[in-house]
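K.L.:
These protein sequence lines map, in sequence, to chains R and V.
If you count the first sequence from 1, you need to add 1 to reach this note's numbering.
If you count the second sequence from 1, you need to add 533 to reach this note's numbering.
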Amino acid sequence: MRIVVCLKQVYDLAQLRYKSDGRTPLLEGLPLQLGSFEKNALEQAVQFKEAASREPGSEVEVVALSAGSAKLQESIKEALAMGADRAVLVVDPALGGADAAGTARVLAAAIQKLGGADLILLGEGSDDEYTGQIPSRLAALLDLPQITIVRSLELEGGLIRAARDLEHELEIVECERPAVVSVTSELNTPRLPPLSAILKAGRKPMDTWNLHDLGLSADSVGGPAAQIEVLSNLAPAQARKNVMLEGEVDRQVEALLAALEREGVLP
Amino acid sequence: MLVWSERDILAHELLLFAGAHRGLLGPTYAAVFGEQATARAEAYRSWEAARTYVSEAVEPTDEALAHALAGLAEHLQVKLVLLGATRRGRATAPRLAQILGAGCVSEAVELAVEDGQLITSRFTLGGNTLSRERILTARKVIAAVPGAAALGPEDTPGGVAEAAVGAPRTAASNHAERAAGELLPLPFQPPVARARVVRREPKPRAGADLAGSERLVCIGRGLERAEDLPLIQELAEALGAELACTRPLSYEYGWLPEERMLGISGLRPSPRLMLSLGVSGQVQHTVGIMGSKLIVAVNREASAPIFKLADYGIVGDLYQVAPRLTARLRERSKG
Chain R
2 MRIVVCLKQV YDLAQLRYKS DGRTPLLEGL PLQLGSFEKN ALEQAVQFKE
52 AASREPGSEV EVVALSAGSA KLQESIKEAL AMGADRAVLV VDPALGGADA
102 AGTARVLAAA IQKLGGADLI LLGEGSDDEY TGQIPSRLAA LLDLPQITIV
152 RSLELEGGLI RAARDLEHEL EIVECERPAV VSVTSELNTP RLPPLSAILK
202 AGRKPMDTWN LHDLGLSADS VGGPAAQIEV LSNLAPAQAR KNVMLEGEVD
252 RQVEALLAAL EREGVLP
Chain V
534 MLVWSERDIL AHELLLFAGA HRGLLGPTYA AVFGEQATAR AEAYRSWEAA
584 RTYVSEAVEP TDEALAHALA GLAEHLQVKL VLLGATRRGR ATAPRLAQIL
634 GAGCVSEAVE LAVEDGQLIT SRFTLGGNTL SRERILTARK VIAAVPGAAA
684 LGPEDTPGGV AEAAVGAPRT AASNHAERAA GELLPLPFQP PVARARVVRR
734 EPKPRAGADL AGSERLVCIG RGLERAEDLP LIQELAEALG AELACTRPLS
784 YEYGWLPEER MLGISGLRPS PRLMLSLGVS GQVQHTVGIM GSKLIVAVNR
834 EASAPIFKLA DYGIVGDLYQ VAPRLTARLR ERSKG
């Protein structure tokens, strides 16, 4: 059985800075890292692999798949250290301008080139963009059933059973493999790979493909194909006051009480 | 245009928006699926929908919903499908968009018509920025959160207040000339559902109403032990606030129920006051507090990112600040 985990490299937003206007985000030079929801998806795949290895005659291959720039190399090593068997990167300059629909097409083409998958796992959204469109679009492109926003997941023979984390209820959904499943951060706690695994990760197989290898043109998935025009992307204008209350703790508390009184937010 | 939401109140809000912009968006249709669909659809007759398509046989999975809506969009030749951005709606929208070859905004927090164009806004970069976007494709799919499509007073007087409480309007109230909408069955067989809902488990609810609370006290990892919770509960009580928490305290430690969890996978309320104690301010959490009118942060680390979001900040130990603040609030309410 093959599980493909689609991974996104995201901005480390804890380090986000703005231009002097205080509203325009400065993304250039912002460090990139493996997304957090992606780690939950990968952890689940590796747990399935470990469970299968204890049963004779069953085997799970975990493929980490990602599309983007050459900077992906670093993040994907972390995925390999966490337990993926191999990595496939689709690296192409045109992918810088790809939107959710373009990225989904690239991932679908890569999965087809791999010969398909029994289970495709993704995060339900990415930490930075959080459009949350890739799982649903990918499932449509591959004509597979999908179970999204999943916080617990079981495999039972050829059946997938998952609990969807909806607003007021858990919805238990079943479908046959293959399928696309998107997961939430409540699914599990991703492992921190030990040093030995990190050292071994560099020796695991890693294939790098470009759009041509997938039979896709830059214009069909990159910027020219974008379905969305971003008119502006700014921090909300209403800035916070950022008043720090100084002094000993008693003075701080008095100052806070006075501020809350002034703001009219006390009962 | 075509409107669908599993929540009728949200569908009503979207239909009011559609009705107000009929000139741009064309005739308004609605879909009602699932349990009690036939009974629920009655109300839609007076909610701006010229025709409402009803089926109880559509499985409430993303794929089946997307195919049912795509079939209707094709049948009616509509250019825009507007969904309510519940979690189910958010996941259904991109599949529908992919089938229709449409561009999609899956969690619009604002929906507006400017210069004859439909403009959406959504939070991005972990909730730090608001992205104003225009969908370029001829067909469009948008999932909008409650309130995103709320009409301004100039659009349809009275419509918004009624939408907020979900009271069905009579057809006579604003559009006396318009006849009540038709209810029709799906004009095709319901899509085959490859995924099936086998069971539902209601989430445990302790009755906390964080969404409607004016004041929230949010506690983070700065709290060292579950045994110290009363310290924070007493402060919340003295402040007339509900208790909220970050993800580690509910999901990882189990100290508080998840219905009190704020953040990307929890609640995103809009209280007048958010008092944040021992919260560092990871983006996954701050998405949940951005809507607060006033944010106060107490944290031992002066470099904690939460202070950038705070109106008032105290660099200090919550174990010292909380009891003093509780005592002073109690004195105040007595005096």
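C-beta atoms are modelled at their ideal positions from N, C-alpha and C, and glycine is treated no differently.
Could you name the residues of the same chain whose beta carbon sits closer than 6 Å to that of E715 of chain V, not counting the 5 residues immediately before and after it, in chain order?
P.N.:
R584, listed in sequence order.
K.L.:
Rounded C-beta distance between V92 of chain R and G69 of chain R? I'm assuming under 8 Å.
P.N.:
Rounded, the Cβ-Cβ distance is 7 Å, consistent with contact.
K.L.:
According to DSSP, V750 of chain V sits in a beta bridge with which residue or residues?
P.N.:
Answer is V:L776 and V:L808.
K.L.:
How many angstroms separate the CA atom of V5 of chain R from the CA atom of Q253 of chain R?
P.N.:
Cα to Cα, the separation comes out at about 53 Å.
K.L.:
Between the alpha carbons of V244 of chain R and A259 of chain R, how many angstroms are there, rounded?
P.N.:
When rounded, the distance between both Cα atoms is 13 Å.
K.L.:
Roughly how many whole angstroms lie between the Cα atoms of T104 of chain R and A860 of chain V?
P.N.:
Rounded to whole angstroms, T104 of chain R to A860 of chain V spans 55 Å at the Cα level.
K.L.:
Show which residues of chain V have a CB atom less than 9 Å away from the CB atom of N234 of chain R.
P.N.:
Per Cβ cutoff of 9 Å: T657, L658, T662, L663, S664, R665 and E666.
K.L.:
If you compare alpha carbons, which of V:G811, V:G745 and V:G796 is closest to A758 of chain V?
P.N.:
As written in the sequence, residue 758 of chain V is Arg, which differs from the Ala given in the question. Cα-wise, what sits closest to R758 of chain V is V:G811.
K.L.:
Given this structure, state the Cα-to-Cα distance separating G773 of chain V from E785 of chain V, to the nearest angstrom.
P.N.:
Computed Cα separation, rounded: 27 Å.
K.L.:
With distances taken Cα to Cα, identify the nearest neighbour of L842 of chain V among V:G556, V:R793, V:V854 and V:L827.
P.N.:
Ranking V:G556, V:R793, V:V854 and V:L827 by Cα distance to L842 of chain V puts V:L827 first.
K.L.:
Got a sec: is the Cβ-Cβ distance from A88 of chain R to anything in chain V below 8 Å?
P.N.:
So, not an interface residue.
K.L.:
So, for E600 of chain V: in the same chain, excluding its five sequence neighbours on each side, which residues have a beta-carbon less than 6 Å away from its beta-carbon?
P.N.:
The amino acid occupying residue 600 of chain V in the given sequence is His; Glu does not appear at that position. Once the five neighbours on either side are set aside, the close Cβ partners of H600 of chain V are P724.
K.L.:
Is the Cβ of L858 of chain V closer than 8 Å to any Cβ of chain R?
P.N.:
Yes, because at least one Cβ of chain R sits closer than 8 Å to the Cβ of L858 of chain V.
K.L.:
Should Q569 of chain V be flagged as near chain R, meaning a C-beta pair shorter than 8 Å?
P.N.:
Not one chain R Cβ lies under 8 Å of Q569 of chain V.
K.L.:
For the beta strand (DSSP E) that contains N832 of chain V, what are its first and last residues?
P.N.:
Note, N832 of chain V: beta strand (DSSP E), L827 to N832.
K.L.:
Checking 8 Å against the spacing of the C-beta atoms, do G821 of chain V and I839 of chain V come in under that value?
P.N.:
Their beta carbons are not under 8 Å apart, which means G821 of chain V does not touch I839 of chain V by this criterion.
K.L.:
Compute the distance between the beta-carbons of T190 of chain R and R165 of chain R, then report whether it is under 8 Å.
P.N.:
Not closer than 8 Å, so no.
K.L.:
Let me know if G868 of chain V comes out buried or exposed under the rule of 16 or more other beta-carbons within 10 Å of its beta-carbon.
P.N.:
Looking at its Cβ environment, which holds fewer than 16 other Cβ atoms inside 10 Å, G868 of chain V is exposed.
K.L.:
For K867 of chain V, which three-state DSSP category applies?
P.N.:
If DSSP states are grouped into helix, strand and coil, K867 of chain V belongs with the helices.
K.L.:
Would R18 of chain R pass as an interface residue toward chain V - the criterion being a Cβ-Cβ separation below 8 Å?
P.N.:
No, no contact with chain V.
K.L.:
For a test of the three-state rule: what should DSSP assign to F566 of chain V, helix, strand or coil?
P.N.:
Note: F566 of chain V maps to strand in three-state DSSP.
K.L.:
By DSSP, does L81 of chain R sit in helix, in strand, or in coil?
P.N.:
Three-state DSSP puts L81 of chain R in a helix.
K.L.:
So what does DSSP say about F656 of chain V, is it helix, strand or coil?
P.N.:
Of the three classes helix, strand and coil, the one that applies to F656 of chain V here is strand, per DSSP.
K.L.:
Would a check of beta-carbon distances place N243 of chain R closer than 8 Å to chain V?
P.N.:
Yes, because at least one Cβ of chain V sits closer than 8 Å to the Cβ of N243 of chain R.
K.L.:
Taking Cβ-Cβ distances shorter than 9 Å, what residues in chain V pair up with S67 of chain R?
P.N.:
Per Cβ cutoff of 9 Å: no residues; S67 of chain R is ~19 Å from chain V at best.
K.L.:
Can you name the residues of chain V whose CB is closer than 8 Å to the CB of A101 of chain R?
P.N.:
P627 and C637, listed in chain order.
K.L.:
Closest by CA to N832 of chain V, which one among V:L756, V:M823 and V:R780?
P.N.:
Considering only alpha carbons, the answer is V:L756.
K.L.:
Which one or two residues does DSSP pair with V6 of chain R in a beta bridge?
P.N.:
V6 of chain R pairs with R:A65 and R:L122.
K.L.:
Using 8 Å as the limit for Cβ to Cβ distance, is H213 of chain R near chain V?
P.N.:
No, because no Cβ of chain V sits closer than 8 Å to the Cβ of H213 of chain R.
K.L.:
Apart from the five residues on each side of it in sequence, which residues of its chain come closer than 7 Å, Cβ to Cβ, to Y577 of chain V?
P.N.:
Taken in chain order, the residues that qualify are A563, V565, T585 and G714.
K.L.:
Can you pull the DSSP bridge partners for V536 of chain V?
P.N.:
For V536 of chain V, which the question treats as bridged, DSSP gives the partners V:A563 and V:L615.
K.L.:
Closer than 9 Å, Cβ to Cβ, to anything on chain R: give me those residues from the region 733 to 767 of chain V, in chain order.
P.N.:
The region 733 to 767 of chain V vs chain R, Cβ under 9 Å: R733, E734, P735, K736, R738, E747 and R748.
K.L.:
If you count every other CB in all the chains shown that lies within 10 Å of the CB of G58 of chain R, and 16 or more means buried, which is it?
P.N.:
Under this definition G58 of chain R is an exposed residue.
K.L.:
For A572 of chain V, is the classification buried or exposed, using 16 other Cβ atoms within 10 angstroms of its Cβ as the cut-off for buried?
P.N.:
Exposed, since its Cβ has fewer than 16 Cβ neighbours within 10 Å.
K.L.:
Rounded to whole angstroms, what's the CA-CA distance from E770 of chain V to L235 of chain R? Just pull it up for me.
P.N.:
Whole-angstrom Cα-Cα distance: 37 Å.
K.L.:
Given this structure, state the Cα-to-Cα distance separating A590 of chain V from L633 of chain V, to the nearest angstrom.
P.N.:
Straight-line Cα distance between these residues: approximately 22 Å.
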